[in-house]
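Reviewing the structure listed below.
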Amino acid sequence: MEVSLQELNKTQYPIPAELQNNVAITSLSKIYNWGRRNSMWPMLFGLACCAIEMIATASSRFDFSRFGMEVMRATPRQSDLMIVSGTVTKKMVVPIVRLYNQMPEPKYVLAMGACASGGGPFKEGYNVVSGIDKYLPVDVYVPGCPPTPQALLFGLIALQRKIDGQSLTTADDVPWYGVGPSEPTPVPILGPDIIDPRQMDMIRRMAESKAAKDAISLPDGRALPAVKTAAAVVPVAKKATAAAAPVAAAAPVAAPADDKRAAALARKAARAAKTGGAPAETVAVEDAAPAAAAAPVVTAAAPAAVAPAVPADGAKPWEEADEIREQRKAAALARKAARASKRDEGK
Amino acid sequence: MVMTTPEELNVDLKATSVEETVSHLTQRFPGIVSADTREGYGGVIVAKDKLVDIARYVRDVLGFDYLSSATPVDYLGEGNHSTDHLEMVYHAYRTSGGKALVFKAQTDRESAEIPSLIHVWKGADFQEREAWDLYGIRFPGHPSLRRILMWDGFAGHPMRKDWKEAYYEEDHKPFTSRWPGGHVHRAEEKSIFGHNVRYPADIDLSRLTDVSESTLYSGFGMGVDVTRMVDHHGVETNELMVNMGPHHPSTHGVFRMMLRIDGETVLDLDPVMGYLHRNHEKIGERNTYLHNIPFTDRLDYISSMGNNHGYVLAVEQLLALGAKYNPPTYRAEVLRVLMVELTRIVNHLWAIGFWLNDLGAFFTPVLYFIQERERILDFFEAVAGSRMMCNYMRFGGVFADVPERIHSVTNLINDRMRDFDTMQFLTEMINERIPRTIDELDAYLTQSEIVRVRSEGVGIISREDAIGYSTAGPLLRGSGVAYDVRRADPYSIYPELDFDVAVETSGDMYARYMVRLREMRESVRILKQLLPRLEYTKGQPVNDNNMAYSGKVPVGESYGRVENGKGELGFYIVSAGEKKSTANPWRYHVRAPSFINLTPLGLMSRGSKVADVVSILGSIDIVLGETDR
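Heads up: the sequence lines are chains F and V, in that order.
Our numbering applies: residue 747 is where the first sequence begins, and numbers increase by one.
Our numbering applies: residue 286 is where the second sequence begins, and numbers increase by one.
Below you can see the structure in the form of structure tokens.
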């Protein structure tokens, strides 16, 4: 029996009697998400106190195998979910980022407890990273110190809800449904302090201004490395620098309206710049009409936000937090106003 | 007038009191040893170039054979002492019991150097490495003085008083307002990087190779990963370098071991730690004394009540130097011991359960122990408000009395609310449920052939090594040393309680298992004695001590220690400053049993199989929060 696809897609299509009660029709996203949400395998990976509560959640009283999560895998290659259960230290964040990069997509991160979410009680410590979201994209934050097993279960259910809302068609919310492989998160380097490769430029400028201000010539008369040299030595940095430069280059690139791939890649770059710890407050404002599918307009809302990192007069930039804060506040207010006006237009 | 020394009176020098020992030392070594006369301090100060000789004398002649703690203090800009200097403080005990002999060696801050005591007490190994790492004191004579908690290449020695971190706000808490202009600011906003980082002015970004592990490998005596060798059958094999951890399911957290192996046999093992170093001591020196109680919960997070107890004992020693301090009421002491003994049971159940995981009984037995632990945690939650981080004890008392009734919000059978009378709940738990669990454990495991074959004769540490390496807890008692702080240097109401110290002599993993098993039974025995005490002290105050919440602590030093589940947990606290009393500790050091018990891990693992290393580590029972602090 030859049926054209168009015919079959019509809701009025008569289903043969022998197939009735045997066929369920749903969207592909829905069935795909249903499968994924109910077999979310966490990585067997404990950091600190929260890991004990995670074990308690896994054991018989709370038992998260009820949600399809009982298979804790010790290898990142087989796990879907990284529960960051405890204080992330600078020494440990290097292996954590490596583990995350090794996880196959789709992958999720749950920050369990105060420390993983923002540093918690140990935030001020010299070896403590103030939250894993400084390095990895976090899907669910579970507050508590430590969160009770009930709270963790709630967080896991929240993650399932989040998965339910994801769609195969919109590549923007879910990087792995997009085009091409995702960029791995650059692995931090343990130098005199931890070095985030994405911030290499800022570190260099800070060092330069610091040296200029205090008129420190380096002990052996060595000049500070030029941008190009350093980037060549550290390839990760080069890539990160390109991503971190707030996609100013992306705006002039006029993507043809019909080239969806180019548009998606540009959006992806914008997203990477936004989530990748880029210092600038970049706002990716997408064209309101989806049919047009034009290249995204990327505006640097606060171009000054990069500059205050190293003011021209060489004043101590790290002490000018107030100024930066004011600018961020202004940028946030501008964004809010823009959103409000957009909403009004919609009405 | 002629002073007679104990020696002249033919007194046994190994049995003299600490005060007599101090006066003996100062007279025997004039000009080298002097009594520490600072207000609130005790012990002696030893000239640093004679430190090793004095330490040998202290160990061999005076009988202080157990080095409990070795820790530095940075006296920079401290009002009581004229000069800025660094000081190593050593606490030595006799394994026959008694108080500590404290001796100190001082050095200047610029070229800080103190002779290593590693050849007197091997247990000084990791502690001296920590002192080098965090304070920058060099120890000539130490065979591998490298960083232990931070990584190689880290800029500076962070525990020094003049080292400020990126998120530094003020020297002491409570801080001034964080929202002075009407809007709150966060620490990230003060750093242009938005991260908790600071870089030296001369940071060299052209040479960004990660050197954090280079000395680790070279210190291991290896330049390359693989060495060719020929085994005794004439077959050419390779000697391999294997890293276990920091992400490894068997290392009980973020612990890492570097193994040099020949086939399945371990030739050498080096523990690598610091992956959970969250700067407990640096933060603790900024906190007020009271602030630190919840932080101690997060040290050994399996047994938070025990940590609380050690810390409040240390501070109470200092408070007792002042005028206005009342010791805790009897009921407060009973409650403390009740909580601590329940904690010990939780700890040992957890330790045995996870040790069985390491032996291969993956998660089947431990589920039964966790079930029992949950019931005890229900009680903690009802009393202190939190399952794990109890934050229960206060200076001169406890946070609150036990409630009349316990509402257990979740239950094992269904989700209905359960409501118990507290004493009934406790009585049932102590008399029936816990003993039943222990009996069950005993019946299934103690004579199990697999357990015995895997654990007997494996991971042996001799009696002499156990003492020399400063091990504590089941590790020490499993090697035939009947040393339990509750008996050797009693605190709280332990002198009046009837219990035995569990000792085994074979020094292997099985002995440690048996010690834990018997200690749980002894804990139940103690708990049974506490029930009537709880009944007849009902109604006594537990926390109306005037020092419980207002914490100005008189100047001086103190070392409070308790027998925690993992071993001897000590807190060394210095209260120093220009005034008579201080609000923040000058020095706050944790003598962590999990940390020091790892010192002989290499010794115990050498020659065993790789699979045994996992369970040897499990039988030591470490918790990384305490190891790395």
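C-beta: ideal position from N, C-alpha, C; glycine also.
Interface partners of residue i on chain V, CB under 9 angstroms
i, result
"F:MET858", "Under the 9 angstroms cutoff, chain V gives no residues; its nearest Cβ is about 13 angstroms from F:MET858."
"F:ALA1080", "What F:ALA1080 touches in chain V: nothing, since even the nearest Cβ is about 17 angstroms away."
"F:VAL875", "HIS480, ASN481"
Range of the contiguous beta strand (DSSP E) that encloses residue i
i, result
"V:PHE856", "852-860"
"V:HIS874", "872-876"
"V:GLY841", "841-849"
"V:THR550", "550-557"
"V:GLN391", "386-392"
"V:PRO357", "351-360"
"V:ALA796", "That residue, V:ALA796, is in no beta strand (DSSP E); its alpha helix (DSSP H) goes 794-821."
"V:ALA320", "318-320"
"V:TYR615", "Looking at the DSSP string, V:TYR615 is not in any beta strand (DSSP E); the run it does join, the alpha helix (DSSP H), is 615-644."
Cβ distance (whole Å) where residue i is taken to contact residue j below 8 angstroms
i, j, result
"V:ASN255", "V:TYR452", "Summary: the structure shown does not reach residue 255 of chain V, with chain V confined to residues 286 through 914, and so no result is reported for it."
"V:ILE691", "V:PHE664", "7 angstroms"
"V:SER300", "V:THR311", "Checking the displayed sequence, the identity of residue 300 of chain V turns out to be Ala instead of Ser. No, V:ALA300 and V:THR311 are not in contact; Cβ-Cβ is about 19 angstroms, not under 8 angstroms."
"V:TYR615", "V:THR822", "6 angstroms"
"V:VAL743", "V:ASP906", "Contact flag wrong, Cβ pair sits at about 15 angstroms."
"V:TRP417", "V:PHE424", "6 angstroms"
"V:HIS376", "V:VAL387", "6 angstroms"
Where the alpha helix (DSSP H) through residue i begins and ends
i, result
"V:VAL311", "Checking the displayed sequence, the identity of residue 311 of chain V turns out to be Thr instead of Val. Looking at the DSSP string, the run of the alpha helix (DSSP H) that includes V:THR311 is 303-313."
"F:GLY781", "774-783"
"V:ASP487", "Premise fails: V:ASP487 is in no alpha helix (DSSP H) and is neither H nor E."
"V:GLU713", "707-713"
"F:ILE829", "Premise fails: F:ILE829 lies in the beta strand (DSSP E), 827-831, not in any alpha helix (DSSP H)."
"V:ASN593", "589-604"
"V:TYR653", "650-669"
"V:ASP724", "719-726"
"V:HIS565", "565-571"
"F:MET815", "Neither: F:MET815 is in no alpha helix (DSSP H) and is coded neither H nor E."
Contact list for residue i against chain V, beta-carbon separation under 8 angstroms
i, result
"F:PHE791", "HIS532"
Member of the options whose CA lies at the smallest distance from the CA of residue i
i, options, result
"F:GLN913", "F:ARG782, F:ALA1080, F:THR931, F:GLN758", "First, the amino acid is wrong: residue 913 of chain F is Ser here, not Gln. Among F:ARG782, F:ALA1080, F:THR931, F:GLN758, the Cα nearest to that of F:SER913 belongs to F:ARG782."
"V:ILE881", "V:THR306, V:GLY325, V:SER354, V:PHE349", "V:SER354"
"F:VAL920", "F:SER831, F:ASP885, F:ARG819, F:TYR872", "F:ASP885"
"V:GLY466", "F:ALA1080, F:LEU856, F:ALA763, F:GLU1072", "F:GLU1072"
"F:MET838", "F:ILE935, F:CYS891, F:ASN767", "F:ILE935"
"F:MET722", "F:MET828, F:SER775, F:ALA1016", "Lying outside 747 to 1093, the shown extent of chain F, residue 722 of chain F is not represented and no answer is given."
"F:VAL855", "F:GLY937, F:GLY871, F:CYS861, F:LEU882", "F:LEU882"
"V:PHE654", "V:VAL337, V:MET678, V:THR722, V:GLY670", "V:THR722"
"V:GLU626", "V:THR867, V:GLY887, V:ARG801", "V:ARG801"
"V:PRO534", "F:PHE810, F:ALA820, F:ILE771", "F:ALA820"
"V:SER589", "V:ALA861, V:HIS468, V:GLU848, V:VAL303", "V:GLU848"
"V:ALA787", "V:GLY328, V:VAL307, V:VAL766", "V:VAL766"
"V:TYR420", "V:ARG379, V:LYS407, V:ALA440, V:GLU842", "V:ALA440"
Partners in chain A for residue i, counting only beta-carbon separations shorter than 7 angstroms
i, result
"F:ALA820", "Although the question refers to chain A, the structure presented lacks it and instead comprises the protein chains F and V."
Amino acids of chain F, ordered along the chain, whose beta-carbon sits closer than 7 angstroms to that of residue i
i, result
"V:LYS567", "GLY871, TYR872"
"V:GLY443", "The question names Gly, yet the displayed sequence has Pro at residue 443 of chain V. Correct list: TYR872."
"V:TRP436", "LYS837, LEU936"
"V:LEU652", "SER805, SER806"
"V:VAL539", "LEU793, MET838"
"V:PHE478", "GLN945, MET948"
Contacts of residue i in chain V (Cβ-Cβ under 7 angstroms)
i, result
"F:ARG823", "None at all; the shortest Cβ gap to chain V is about 12 angstroms."
Beta-carbon neighbours of residue i, restricted to chain F and to distances below 9 angstroms
i, result
"V:MET674", "CYS795, CYS891, PRO892"
Where residue i meets chain F, residues with beta-carbon distance less than 8 angstroms
i, result
"V:ILE433", "Result: empty, since nearest Cβ-Cβ is about 11 angstroms, beyond 8 angstroms."
Inset, instruction - Examine the Cβ distances between the region 848-858 of chain V and the region 750-761 of chain V and report whether three or more of them are shorter than 8 angstroms. - result: yes
Legend entry - At least 3 beta-carbon pairs within less than 8 angstroms: the region 802-821 of chain V vs the region 665-672 of chain V: no
Inset, instruction - For the region 609-624 of chain V and the region 676-685 of chain V, state whether three or more C-beta atom pairs, one from each stretch, are separated by less than 8 angstroms. - result: yes
Inset, instruction - Could you say if the region 708-717 of chain V and the region 811-820 of chain V meet the contact criterion of at least three C-beta pairs nearer than 8 angstroms? - result: yes
Inset, instruction - Report yes or no: do the region 814-826 of chain F and the region 754-774 of chain F share at least 3 C-beta pairs separated by less than 8 angstroms? - result: no
Inset, instruction - Pair every Cβ in the region 569-577 of chain V with every Cβ in the region 844-851 of chain F, then say whether three or more of these pairs are closer than 8 angstroms. - result: no
Legend entry - Stretch pair the region 334-354 of chain V + the region 402-412 of chain V: three plus CB contacts closer than 8 angstroms: Cβ pair count under 8 angstroms is three or more, so yes.
Inset, instruction - Determine contact between the region 863-881 of chain F and the region 766-781 of chain F, defined as no fewer than three beta-carbon pairs at a distance below 8 angstroms. - result: no
Inset, instruction - Tell me, please, whether the region 580-595 of chain V touches the region 898-911 of chain V by the rule of three or more beta-carbon pairs shorter than 8 angstroms. - result: With the cut-off at 8 angstroms, the region 580-595 of chain V and the region 898-911 of chain V touch.
Inset, instruction - Examine the Cβ distances between the region 860-876 of chain V and the region 772-789 of chain V and report whether three or more of them are shorter than 8 angstroms. - result: no
Inset, instruction - Please confirm if the region 590-597 of chain V is in contact with the region 626-635 of chain V, defined as three or more CB-CB distances below 8 angstroms between the two stretches. - result: yes
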